[in-house]
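>
Residue numbers (our numbering): 3 to 168.
1) Would you check if there are 3 or more beta carbon pairs closer than 8 Å linking the stretch 96 to 110 to the stretch 45 to 65?
2) At which residue ranges does the stretch 84 to 126 contain complete beta strand (DSSP E) runs of 3 or more residues, listed in the order of the chain?
3) Can you give me the C-alpha to C-alpha distance between residue 109 and residue 92, rounded to a whole angstrom?
4) Determine the burial state of residue 156: buried for a count of at least 16 other Cβ atoms within 10 Å of its Cβ, exposed for fewer.
5) Which residues does DSSP pair with residue 65 in a beta bridge?
6) What do you reckon, are the CB atoms on residue 146 and residue 117 nearer than 7 Å?
7) Please classify residue 72: is it buried, with 16 or more other beta-carbons within 10 angstroms of its beta-carbon, or exposed?
8) From the DSSP output, in three-state form, read off residue 136 for me.
9) Where does residue 167 sit, in a helix, a strand or coil, going by DSSP?
10) Whose C-beta lies closer than 7 Å to the C-beta of residue 90 among residues of the same chain, with five residues either side of it excluded?
11) What's the C-alpha gap between residue 86 and residue 163?
12) Can you check whether the CB of residue 165 is closer than 7 Å to the CB of residue 82?
13) Can you give me the C-alpha to C-alpha distance between residue 102 and residue 51, rounded to a whole angstrom?
14) Regarding residue 115 and the ligand COA, is the C-beta to nearest heavy atom distance less than 6 Å?
15) Are residue 60 and residue 126 touching if we call contact CB-CB under 7 Å?
16) Relative to the C-alpha of residue 119, which candidate in 129, 138, 149 has its C-alpha closest?
17) Going by C-alpha to C-alpha distance, which of 53, 148, 55, 121 sits closest to residue 136?
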């Protein structure tokens, strides 16, 4: 009799868990990836410090620098000509001539954002979101492109990128 009561209790618990799992709210859909033609569509992350222009042989894009210490220090380097390479099929990267002011690193990014990778003093121009998480110490976001990304994605490794105040 005691075994029967235990069996009934286990069956009732299992049935309740199954019903709860089946009626729970569906999980949020997986985030979609951006294509190279999309720019950042979410609201502005930070106030604008200044407008800049990025140009190469394929064309020109305009961007804005955020109002943070790292972005202001980056602006002090302008005008700037860098040799870029593709990194991971998600960003164009180039080494800056010197270290920039410290900022708060983060592990995520959006297509169209400009970031600073402190360990190697690199500028990153993100053009594709693939879910990659930036390792510690994280990437310091310094700005975002406001126009089409086609000119950034069209060029290959070794391309010269010129950045000026707009």
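The beta-carbon is built from N, C-alpha and C at its ideal position, and this holds for glycine as well.
Values in this document were obtained by computation on a predicted structure and should not be read as measured data.
Quick answer:
1) Taking 8 Å as the limit for Cβ pairs, the verdict is that the stretch 45 to 65 does not touch the stretch 96 to 110.
2) With a minimum length of 3 residues, the continuous beta strand (DSSP E) runs that stay inside the stretch 84 to 126 are 93 to 97, 115 to 119.
3) Here residue 109 is taken as the residue at index 107 of the chain shown, counted from 1. Here residue 92 is taken as the residue at index 90 of the chain shown, counted from 1. Distance between the alpha carbons of residue 109 and residue 92 is about 14 Å.
4) What you label residue 156 is simply residue 154 of the chain shown in a count that begins at 1. If you draw a 10 Å sphere on the C-beta of residue 156, you find fewer than 16 other C-beta atoms in it, and that means exposed.
5) Position 63 of the chain shown, counted from the start, is the residue given in the question as residue 65. Bridge partners of residue 65: 54, 147.
6) Here residue 146 is taken as the residue at index 144 of the chain shown, counted from 1. Here residue 117 is taken as the residue at index 115 of the chain shown, counted from 1. Using a Cβ distance threshold of 7 Å, residue 146 and residue 117 do not count as a contacting pair.
7) As a first step, residue 72 is located in the chain shown; it is residue number 70 there, counting from the start. A residue is called buried once 16 or more other Cβ atoms fall within 10 Å of its Cβ, and residue 72 is buried on that count.
8) Position 134 of the chain shown, counted from the start, is the residue given in the question as residue 136. Residue 136: coil per DSSP, three-state reduction.
9) Looking up residue 167 in the chain shown gives position 165. Shown here, residue 167 sits in a strand according to DSSP, grouped into three states.
10) Position 88 of the chain shown, counted from the start, is the residue given in the question as residue 90. Sequence-distant Cβ neighbours of residue 90 in its own chain, meaning closer than 7 Å and more than five residues away, are 134.
11) Position 84 of the chain shown, counted from the first residue, corresponds to residue 86. Position 161 of the chain shown, counted from the first residue, corresponds to residue 163. Answer to the nearest angstrom: the Cα atoms are 7 Å apart.
12) Here residue 82 refers to the residue found at position 80 when the chain shown is read from its first residue. Here residue 165 refers to the residue found at position 163 when the chain shown is read from its first residue. Contact flag set, yes.
13) To locate residue 102, count along the chain shown from 1; it is residue 100. To locate residue 51, count along the chain shown from 1; it is residue 49. Answer to the nearest angstrom: the Cα atoms are 16 Å apart.
14) The ligand COA is not part of this structure, which contains no ligands at all.
15) Start at 1 with the first residue of the chain shown, and residue 60 comes out as number 58. Start at 1 with the first residue of the chain shown, and residue 126 comes out as number 124. Using a Cβ distance threshold of 7 Å, residue 60 and residue 126 do not count as a contacting pair.
16) If you number the chain shown from 1, residue 119 lands on position 117. Per the Cα distances, 138.
17) In the chain shown, the residue the question calls residue 136 occupies position 134. Proximity to residue 136 across 53, 148, 55, 121 peaks at 121, based on C-alpha coordinates.
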